[in-house]
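Encoded as structure tokens, the structure appears first; notes follow it.
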Amino acid sequence: MGLLAWIVLGGVAGWLASLVVGVGARMGCLLNIVAGVVGAVIGGVMFNALGSRGITGFTWWSLFVAFVGAVILLALLRLVALIMKD
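My numbering puts the first residue of the sequence shown at 2, with every later residue one more than the last.
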């Protein structure tokens with residue numbers, strides 16, 4: 002998958018994940034893309050480890066995998082932020 006496709010897929014996945022986790026507009030476009038791309042890597046590794054296919058190109062499945070990974074990443078970061086705050 003090309004770099005532009007990773008950025009677009011990451012942006013969409015990161016944006017959707019930020020809405021689910023509840024960080025929404027506070028993140029901004031750049032952090033949505035970063036969260037989505039890192040989430041795609043996390044999701045791809047996780048799904049491959051579980052015996053399923055990971056990122057397969059610019060497909061709905063790849064968007065789902067990236068979304069799941071981004072939700073996990075953002076939830077963990079939010080949990081760490083809450084722990085550090087207290």
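Note that CB positions come from ideal geometry on N, CA and C, so glycine has one too.
All of these numbers come straight from a predicted model, not from anything done at the bench.
Query                                                                                                             : Result
Given this structure, state the Cα-to-Cα distance separating A76 from R54, to the nearest angstrom.               : 23 Å
Assuming L80 is part of the alpha helix (DSSP H), what are its boundary residues?                                 : 61 to 86
Would you kindly work out how many angstroms separate the C-alpha atoms of L74 and G3, rounded to a whole number? : 23 Å
Hey, G11 and G37: beta-carbon distance below 9 Å or not?                                                          : yes
Let me check understanding here. Comparing Cα to Cα, which of A14, G52, V24, V39 lies closest to L83?             : V24
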